[in-house]
Amino acid sequence: MKSIEKKGKDLNTIIRSFRKEYKVKDWELKYDILSEASNGFLGIFGKKEAKVRFNLLSTEERIKAFVEELLKHLEIRFDSVVTRTEYKTVYATINNSSDAGFLIGKNGSMLEQLQYLVNRIFENVPNLERIYLDTEDYRLRQEQAFLRPFIPTINKVKTTGKSVTLEPMQAGERRIIHKYVEGDRALKTLTIGEGDHKRIVVMLSGQKEPEPRKTRAPLKKNETKKPAPAKKVAEKTPEELAQESYKRHNAAHPGTKTAQRPRRITKTKKPTE
Amino acid sequence: MKELIEFIVKALVDDPSEVNITEITGDKITLYELRVAKSDIGKVIGKRGRTASSIRTIINAVSTKQGKRAELEIIE
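Those protein sequence lines, which keep their order, are chains A and B. Be aware that the first sequence starts at 1, since it is given in the numbering used here, and climbs by one per residue. Be aware that the second sequence starts at 1001, since it is given in the numbering used here, and climbs by one per residue.
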């Protein structure tokens, strides 16, 4: 917290000019009066200017002040609002509120709307990407509940070594998966697809990112990888290569239906969610 | 309720001094008419009305809790 001292004729003028200068809103105005103005004796002796010390809040403190004020207006009592900053993200948690059910709303809708509003209000703050609101660990539990069914699938990648493509998900949901996989050094994630069809691919860290996906049986233990005849490949057209790939696939999996064309996977940049 | 709307809207806009809310009490519904500076209308409504619907959800939740009904109208 920084503080600034201002002098002036009277308190109101100082406060007004300060708020204009720093664009401070009602709920974040914090100040101490150091001395009040006095006209002195007969307006000649001991004339004093008013002096005010303003506290300039940091982003985290501003968010805290705003959430506290908002809760007051919603007529909800609470023990504390705890804020924590991680890089460019601020997490604000409301502890022990008098009506957590109301704050969360149906399926978390109220919490979602409040969070959206807070994000809009602090939209233009530099070095701030997103604010997350939580109460009674609701969001945390939701995330865990969402993640739970995917954990076996993700762990399977480690045992089989085969990458897994998950179903299309929303940005927030993908973030949860990315975050979880990030914690495991053996695995990495990749996003494929566009728009509403973005999917996460979970794979081993050392694995190469798939261009068109290769459908091929995993190597057996004693079998060594055959060195790819590099020159030969260059002579063949992509169509011929694809045809060979089907044949190989059919040989490896007799009796299974083969896709007519290898599925195209468009690579996208990993989002910073 | 009026203070709540005023607080949220004033936090959203650039020019809080132009925020004006009139309360019209009806039999069942209380209507809140919101006027803001022209340049701030977009901020209150938001992309595809998302901010406005956010404010309305909160107003609805609060008024239901108090056993009332409230509606917000943004006047251009």
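Don't be surprised by glycine CBs; every beta carbon is placed ideally from N, CA and C.
| field | Contact set between the region 1010-1027 of chain B and chain A, restricted to residues whose Cβ is under 9 Å from the partner | value | Taking 9 Å as the Cβ-Cβ cut-off against chain A, the residues of the region 1010-1027 of chain B that qualify are LYS1010, ALA1011, LEU1012, ASP1014, PRO1016.
| message | Please report the straight-line C-alpha distance between ILE177(A) and ASP184(A), rounded to a whole angstrom. | response | ILE177(A) and ASP184(A) have their C-alpha atoms roughly 11 Å apart.
| request: Indicate whether at least one CB of chain A lies closer than 8 Å to the CB of ARG1050(B). | output: Yes, contact with chain A.
| task | Note down, one range per segment and in chain order, each alpha helix (DSSP H) of at least 4 residues found wholly within the region 43-125 of chain A. | result | Along the length of the region 43-125 of chain A, whole alpha helix (DSSP H) runs at least 4 residues long occupy 59-73, 100-104, 109-121, reported in chain order.
| query | Got a sec: which bits of the region 13-30 of chain A sit with their beta carbon under 8 Å from any beta carbon on chain B, in order along the chain? | reply | Within the region 13-30 of chain A, the residues whose Cβ lies closer than 8 Å to some Cβ of chain B are LYS25, ASP26, TRP27, listed in chain order.
| Cβ of VAL1044(B) within 8 Å of Cβ of LEU1012(B)? | At the C-beta level, VAL1044(B) and LEU1012(B) come within 8 Å of one another.
| request: Please name the residue, chosen from GLY101(A), GLU69(A), ARG175(A), GLU60(A), that lies closest to VAL90(A) on a Cα-to-Cα basis. | output: Closest in alpha carbon position to VAL90(A), among GLY101(A), GLU69(A), ARG175(A), GLU60(A), is GLU60(A).
| message | Give me, in chain order, the residues of the same chain whose beta-carbon lies closer than 8 Å to that of LEU121(A); leave out the 5 immediate sequence neighbours on both sides. | response | Here residue 121(A) turns out to be Ile, not Leu, going by the sequence shown. Sequence-distant Cβ neighbours of ILE121(A) in its own chain, meaning closer than 8 Å and more than five residues away, are PHE66.
| message | So, does the region 110-130 of chain A touch the region 1041-1061 of chain B, judging by three or more C-beta pairs under 8 Å? | response | Enough Cβ pairs lie closer than 8 Å, so yes.
| query | Helix or strand or just coil, what does DSSP make of SER163(A)? | reply | SER163(A) sits in coil when the DSSP states are folded into three classes, being neither helix nor strand.
| request: Please go through the same chain and pick out, in chain order, the residues whose beta-carbon is closer than 8 Å to the beta-carbon of MET110(A), but skip the five residues on each side of it. | output: Result list for MET110(A): PHE102, LEU103, ILE104, in chain order.
| query | Nearest-angstrom Cα distance between ASN96(A) and GLY206(A)? | reply | Distance between the alpha carbons of ASN96(A) and GLY206(A): 45 Å.
| Beta carbon of VAL201(A) nearer than 8 Å to that of ILE154(A) | VAL201(A) places its beta carbon 8 Å or farther from that of ILE154(A).
| query | Per DSSP, what kind of secondary structure is LYS214(A) in: helix, strand or coil? | reply | Here LYS214(A) scores only 47 on pLDDT, less than 50, and its place in the model should not be relied on; the value that follows carries that caveat. Under the three-state reduction of DSSP output, LYS214(A) falls in the coil class, being neither helix nor strand.
| message | Suppose you measure from the CA of ILE1008(B) to the CA of LEU1031(B); what does that come to, to the nearest Å? | response | Cα to Cα, the separation comes out at about 17 Å.
| query | Do you know offhand how far ARG213(A)'s Cα is from HIS249(A)'s? | reply | Caution is warranted here: a pLDDT of 49 is assigned to ARG213(A), below 50, making its placement in the model unreliable, and the coordinate value is therefore given only provisionally. If I take the Cα positions, the gap works out to 12 Å.
| task | Quick one: give me the first and last residue of the alpha helix (DSSP H) that ALA1070(B) is part of. | result | Not the alpha helix (DSSP H): ALA1070(B) falls in the beta strand (DSSP E), residues 1069-1075.
| said: Taking its Cβ as the centre, do 16 or more other Cβ atoms sit within 10 Å of SER98(A), making it buried, or is it exposed? | reply: Classification of SER98(A): exposed, given that the 10 Å Cβ count is below 16.
| message | Taking the straight line between their C-alpha atoms, what separation do you get for LYS975(B) and ILE76(A)? | response | There is simply no residue 975(B) to check, as chain B begins at 1001 and stops at 1076 in what is shown.
| said: Give me the subset of the region 1037-1049 of chain B whose CB atoms are less than 9 Å from a CB atom of chain A, sorted by chain position. | reply: Taking 9 Å as the upper bound on Cβ-Cβ separation, chain A lies near residues LYS1043, GLY1046 of the region 1037-1049 of chain B.
| query | Taking the C-alpha atoms as reference points, what is the distance between GLY193(A) and LEU187(A)? | reply | Computed Cα separation, rounded: 20 Å.
| said: By the three-class DSSP mapping on this structure, what secondary structure does GLY8(A) have? | reply: In the structure shown, GLY8(A) adopts extended strand secondary structure according to DSSP, grouped into three states.
| Would you say PHE102(A) faces chain B, with C-beta separation under 8 Å as the test? | Interface residue, yes.
| query | Beta-carbon of GLU1003(B) versus every beta-carbon of chain A: anything under 8 Å? | reply | At least one CB of chain A lies nearer than 8 Å to the CB of GLU1003(B).
| field | Span of the beta strand (DSSP E) around SER35(A) | value | Where SER35(A) is concerned, the enclosing beta strand (DSSP E) stretches over 30-35.
| Taking just the CA atoms, how far does LYS64(A) sit from HIS253(A)? | Rounded to whole angstroms, HIS253(A) to LYS64(A) spans 60 Å at the Cα level.
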